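Residue numbers (the working numbering): 113 to 576.
In this text, a Cβ means the ideal position worked out from N, Cα and C, and glycines have one as well.
This one's a predicted model, so the numbers in the text were calculated from it and none came from an experiment.
This report concerns only the one structure given below.
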Amino acid sequence: MKNIDFSIVLYNDHTNKLTFFTGFDILMLLLWLTIILIIASWIRTQNAHKEHYKYFMRNLYFKLGFSFIFAFYYIFFIHGGDTVAFFDASRVLTNLLFKHPEFYLQEWPTYTLAEGYVNHFTPETGFPPGWIAREPEGYFVSKLFSITNIITGNSYLTATVFAAFITSLASFKLYDFIVSFGLTDYKKLATYFLFIPSLCFWCTGVSKDALIVICVCYLIPTIYNLFTGKSKVKLWNIIIILFLFWILLNIRSFMLAVIIVPFIFAFNVQIAKRYLTNKVIRGIFRSFVIAIGFAFIGFYFSGETAQKYLKEAEVTQEDFKTNKIYTGAKYDLGDVSYTPTGLLRAMPLSIFTGIYRPFPWEALSPGLILNGIECIFLFYFTIVFLTKGRRKRIARIRDSDILTFALYFVIIFAFMTGFTSVIFGILVRLRAPLLPFFLLLLTIKPKEDTDLEQEESVETLEAN
Numbered sequence: 113m114k115n116i117d118f119s120i121v122l123y124n125d126h127t128n129k130l131t132f133f134t135g136f137d138i139l140m141l142l143l144w145l146t147i148i149l150i151i152a153s154w155i156r157t158q159n160a161h162k163e164h165y166k167y168f169m170r171n172l173y174f175k176l177g178f179s180f181i182f183a184f185y186y187i188f189f190i191h192g193g194d195t196v197a198f199f200d201a202s203r204v205l206t207n208l209l210f211k212h213p214e215f216y217l218q219e220w221p222t223y224t225l226a227e228g229y230v231n232h233f234t235p236e237t238g239f240p241p242g243w244i245a246r247e248p249e250g251y252f253v254s255k256l257f258s259i260t261n262i263i264t265g266n267s268y269l270t271a272t273v274f275a276a277f278i279t280s281l282a283s284f285k286l287y288d289f290i291v292s293f294g295l296t297d298y299k300k301l302a303t304y305f306l307f308i309p310s311l312c313f314w315c316t317g318v319s320k321d322a323l324i325v326i327c328v329c330y331l332i333p334t335i336y337n338l339f340t341g342k343s344k345v346k347l348w349n350i351i352i353i354l355f356l357f358w359i360l361l362n363i364r365s366f367m368l369a370v371i372i373v374p375f376i377f378a379f380n381v382q383i384a385k386r387y388l389t390n391k392v393i394r395g396i397f398r399s400f401v402i403a404i405g406f407a408f409i410g411f412y413f414s415g416e417t418a419q420k421y422l423k424e425a426e427v428t429q430e431d432f433k434t435n436k437i438y439t440g441a442k443y444d445l446g447d448v449s450y451t452p453t454g455l456l457r458a459m460p461l462s463i464f465t466g467i468y469r470p471f472p473w474e475a476l477s478p479g480l481i482l483n484g485i486e487c488i489f490l491f492y493f494t495i496v497f498l499t500k501g502r503r504k505r506i507a508r509i510r511d512s513d514i515l516t517f518a519l520y521f522v523i524i525f526a527f528m529t530g531f532t533s534v535i536f537g538i539l540v541r542l543r544a545p546l547l548p549f550f551l552l553l554l555t556i557k558p559k560e561d562t563d564l565e566q567e568e569s570v571e572t573l574e575a576n
């Protein structure tokens with residue numbers, strides 16, 4: 113059995129020393145917990161008339177709980193890892209901001225591999241972990257958290273709590289948005305969108321994945337409401353969209369395609385339903401747009417930019433497979449050709465891997481056990497979907513713009529994560545945001561069944 117060191121001091125490298133439980137850390141943690149609970153209680157009170165808001169505080173508590181588990185897992189079990197390194201680099205950057213603001217601003221557009229780079233750090237500010245500073249995406253994450261450190265006092269646990277709070281607000285915004293469509297019972301939706309254990313574990317702390325979830329949860333309702341006319345075109349909305357796209361572009365650029373392409377197919381459904389009354393013409397139009405969409409994707413992957421990403425993916429996968437630094441259980445998609453044709457051949461297995469794996473016998477480590485349990489539930493819901501009213505369920509998905517969005521979101525997201533991850537520990541973190549949408553698709557009922565349930569619910573309320 114592995115011995116766990118419960119010391120409160122962690123050395124991330126030969127230069128930087130992080131302490132997590134000083135008196136100041138505890139004070140800042142208690143202060144921010146108090147502030148968060150006050151703000152959350154106010155939001156809950158303002159929306160008390162909305163029945164599904166009874167889950168607002170539960171969602172916050174759930175996220176906070178898993179954020180602490182995530183933080184302690186990395187402090188005491190992993191003894192560091194990327195989340196601690198992200199914060200270590202952010203702490204050093206915040207020190208640089210207070211001591212040399214002009215140097216801090218110069219760090220934003222660059223990183224330590226840039227040509228002509230000048231090292232702005234000193235023993236007084238500390239030095240960021242080299243493996244974070246050399247990776248543009250990871251260093252960008254640290255830069256973002258260096259801003260929040262100003263108000264969280266350079267405290268790791270406080271930064272974790274703050275990230276969990278923002279994540280809880282973002283996830284509830286998406287949940288509130290999905291509830292407005294009346295697709296299914298809001299209680300079931302709460303389980304899918306608010307209380308998935310692995311999603312809350314991997315995506316609530318100081319990490320890339322928390323930022324990805326925040327961006328996704330805010331972008332989807334904002335873009336949808338803007339383009340459907342549910343909200344007015346305002347400068348603030350445009351700024352929010354551009355800001356969140358900028359974050360995604362710098363952290364995980366393929367997420368732009370994961371969000372934008374499904375919206376193209378979703379709006380195709382809405383346009384066809386709104387302007388084409390003839391079912392045959394509507395079907396032809398939708399098929400035509402889908403063909404154009406896939407042709408665009410094929411054209412993109414044959415272009416110079418996509419070829420660059422494919423080459424990077426090939427190098428990254430080979431590094432994951434052969435470099436002994438990357439530990440943990442791995443999977444293999446077989447011989448993959450990094451060409452458009454090769455991608456098509458690898459797509460079915462990549463999508464399957466991105467959704468269902470790791471299997472229970474592949475998830476025996478503490479960090480993966482939740483995903484192994486979830487795999488069982490995913491297979492169960494898939495079997496139910498395929499054996500009970502499959503055609504009617506598919507028809508409902510096809511005729512709903514938001515369900516169509518969810519379908520393509522899951523497919524594209526699963527392919528990108530399944531194709532590029534190689535290591536299960538990376539896979540489960542990258543693909544976590546697709547789980548709510550996949551569960552929504554698997555558990556959606558035919559339209560007539562939903563209408564009948566709503567009528568029975570109304571009759572029950574009237575009888576009472």
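Assumed close pair Tyr330, Ile352 - CB separation to whole angstroms, cut-off 8 Å: What you label residue 330 is simply residue 218 of the sequence shown in a count that begins at 1. What you label residue 352 is simply residue 240 of the sequence shown in a count that begins at 1. Tyr330 to Ile352, Cβ: 7 Å. Contact.
DSSP on Leu311, reduced to helix/strand/coil? Taking the first residue of the sequence shown as 1, we reach residue 311 at position 199. Leu311 falls in the helix class under three-state DSSP.
Secondary structure of Ile485, DSSP reduced to three states: The residue given as residue 485 occupies position 373 in the sequence shown. In this structure, Ile485 counts as helix in the three-state DSSP scheme.
How many Å lie between Tyr304 and Thr532 at the Cα? Counting from 1 along the sequence shown, the entry for residue 304 is found at position 192. Counting from 1 along the sequence shown, the entry for residue 532 is found at position 420. One C-alpha to the other measures close to 25 Å.
Pull up the distance between the alpha-carbon of Phe549 and that of Phe133, whole angstroms please. Numbered from 1 along the sequence shown, position 437 holds the residue referred to as residue 549. Numbered from 1 along the sequence shown, position 21 holds the residue referred to as residue 133. Those two C-alpha atoms are separated by around 38 Å.
6 Å Cβ shell around Arg203 - same chain, five flanking residues per side excluded: Within the sequence shown, numbered from 1, the residue matching residue 203 stands at position 91. Excluding residues within five positions, the ones whose Cβ falls inside 6 Å are Asn266.
My output table needs one value for Thr296: the three-state DSSP class, helix, strand or coil. Against the sequence shown, residue 296 aligns to sequence position 184. DSSP places Thr296 in coil when its eight states are reduced to three.
Between the Cα of His212 and those of Val345, His232 and Asp194, spot the shortest distance and give me the residue it belongs to. Taking the first residue of the sequence shown as 1, we reach residue 212 at position 100. Nearest C-alpha to His212: His232.
Let me confirm a value: Lys320 is counted as buried when at least 16 other C-beta atoms fall within 10 Å, else exposed. Which label applies? For the purposes of this step, residue 320 is identified with residue 208 of the sequence shown, where counting begins at 1. Buried is the call here.
Helix, strand or coil at Ile535 [DSSP, three-state]: Position 423 of the sequence shown, counted from the first residue, corresponds to residue 535. Of the three classes helix, strand and coil, the one that applies to Ile535 here is strand, per DSSP.
Are Tyr298 and His164 close, meaning C-beta to C-beta below 8 Å? Working through the sequence shown from its first residue, we reach residue 298 at position 186. Working through the sequence shown from its first residue, we reach residue 164 at position 52. Cβ atoms of Tyr298 and His164: closer than 8 Å.
Could you say which of Phe215, Leu461, Phe188 and Ile463 lies nearest to Tyr229 if we only look at CA atoms? Counting from one through the sequence shown, the residue named residue 229 turns up at place 117. Among Phe215, Leu461, Phe188 and Ile463, the Cα nearest to that of Tyr229 belongs to Phe215.
Can you give the beta carbon distance from Phe257 to Phe198, rounded, assuming they're within the 8 Å contact cut? Here the question's residue 257 lines up with position 145 in the sequence shown. Here the question's residue 198 lines up with position 86 in the sequence shown. Confirmed, about 6 Å.
Going straight from the alpha carbon of Phe357 to that of Ser462, what length do you get? As a working mapping, residue 357 is identified with position 245 in the sequence shown. As a working mapping, residue 462 is identified with position 350 in the sequence shown. Distance between the alpha carbons of Phe357 and Ser462 is about 25 Å.
Going by the beta-carbon positions, is the gap between Phe379 and Asp194 smaller than 8 Å? Locating residue 379 in the sequence shown gives position 267, where the first residue counts as 1. Locating residue 194 in the sequence shown gives position 82, where the first residue counts as 1. No. Outside cutoff.
Quick check: the segment 279 to 290 against the segment 322 to 336, are at least 3 beta-carbon pairs closer than 8 Å? yes
Cα-Cα separation, Phe536 to Glu474: Mapped onto the sequence shown, residue 536 falls at position 424. Mapped onto the sequence shown, residue 474 falls at position 362. The alpha-carbon atoms of Phe536 and Glu474 are separated by roughly 9 Å.
Could you check which residue in Leu519, Val373 and Gly250 has the C-alpha nearest to that of Ile404? Stepping through the sequence shown from its first residue, residue 404 is reached at position 292. Comparing Cα positions, the closest option is Val373.
Among Trp314, Phe293, Ile308 and Ser477, which has the Cα closest to the Cα of Asn337? Here the question's residue 337 lines up with position 225 in the sequence shown. Comparing Cα positions, the closest option is Phe293.
Please report how far the alpha carbon of Val496 lies from the alpha carbon of Leu554, in whole angstroms. Locating residue 496 in the sequence shown gives position 384, where the first residue counts as 1. Locating residue 554 in the sequence shown gives position 442, where the first residue counts as 1. Cα to Cα, the separation comes out at about 8 Å.
For Phe313, which residues in the same chain have their Cβ closer than 7 Å to its Cβ, ignoring the five residues on either side in sequence? The sequence position of residue 313 within the sequence shown is 201, counting from 1. Excluding residues within five positions, the ones whose Cβ falls inside 7 Å are Phe178, Ile181, Phe182 and Leu482.
Helix, strand or coil for Lys320 per DSSP? As a working mapping, residue 320 is identified with position 208 in the sequence shown. DSSP places Lys320 in helix when its eight states are reduced to three.
Skipping 5 residues on each side, what residues in its chain have a beta carbon closer than 6 Å to that of Asn159? Within the sequence shown, numbered from 1, the residue matching residue 159 stands at position 47. Tyr165.
Please state whether DSSP places Lys442 in a helix, a strand or coil. Residue 442 sits at position 330 when you count from the first residue of the sequence shown. Note: Lys442 maps to strand in three-state DSSP.
Please classify Ile263 as buried or exposed, where buried requires at least 16 other C-beta atoms within 10 Å of its C-beta. Within the sequence shown, residue 263 is the residue found at index 151, counting from 1. The residue in question, Ile263, is exposed, as its Cβ has fewer than 16 Cβ neighbours within 10 Å.
Could you check how far apart the C-beta atoms of Thr316 and Ala275 are, in whole angstroms? I think they sit under 8 Å. Residue 316 sits at position 204 when you count from the first residue of the sequence shown. Residue 275 sits at position 163 when you count from the first residue of the sequence shown. With 8 Å as the limit, Thr316 and Ala275 qualify as a contact, their Cβ atoms being about 6 Å apart.
Burial state of Tyr387, where buried means 16 or more other Cβ atoms lie within 10 Å: For the purposes of this step, residue 387 is taken as residue 275 along the sequence shown, with counting starting at 1. With fewer than 16 Cβ atoms within 10 Å of its Cβ, Tyr387 is classed as exposed.
Kindly indicate the opening and closing residues of the alpha helix (DSSP H) around Asp194. On the sequence shown, position 82 is the one that residue 194 refers to. Taken as a continuous stretch (DSSP letters only), the alpha helix (DSSP H) holding Asp194 covers Gly193 to Lys211.
Counting along the chain, where does the alpha helix (DSSP H) carrying Gly341 start and finish? One-based indexing of the sequence shown puts residue 341 at position 229. It is not in any alpha helix (DSSP H) - Gly341 carries neither H nor E in the DSSP assignment.
Coil, strand or helix - Thr131 by DSSP: Along the sequence shown, read from residue 1 onward, the residue named residue 131 stands at position 19. Three-state result, Thr131: strand.
Extent of the continuous alpha helix (DSSP H) run through Lys385: Looking up residue 385 in the sequence shown gives position 273. Its alpha helix (DSSP H) spans residues Met367 to Tyr387.
Would you tell me roughly how many angstroms separate the C-alpha atoms of Arg469 and Leu445, rounded to the nearest one? Position 357 of the sequence shown, counted from the start, is the residue given in the question as residue 469. Position 333 of the sequence shown, counted from the start, is the residue given in the question as residue 445. Going from the Cα of Arg469 to the Cα of Leu445 covers about 12 Å.
On the DSSP letters alone, give me the boundaries of the alpha helix (DSSP H) that Asn261 sits inside. In the sequence shown, residue 261 corresponds to position 149, counting from 1. Per DSSP, Asn261 belongs to the alpha helix (DSSP H) from Pro248 to Thr264.
Taking 8 Å as the threshold (C-beta atoms), are Phe521 and Met459 in contact? Mapped onto the sequence shown, residue 459 falls at position 347. Mapped onto the sequence shown, residue 521 falls at position 409. No, the Cβ-Cβ distance between Met459 and Phe521 is not below 8 Å.
Do Leu130 and Tyr268 have their CB atoms nearer than 8 Å? Along the sequence shown, read from residue 1 onward, the residue named residue 130 stands at position 18. Along the sequence shown, read from residue 1 onward, the residue named residue 268 stands at position 156. It is a contact, given that the beta carbons lie within the stated cut-off.
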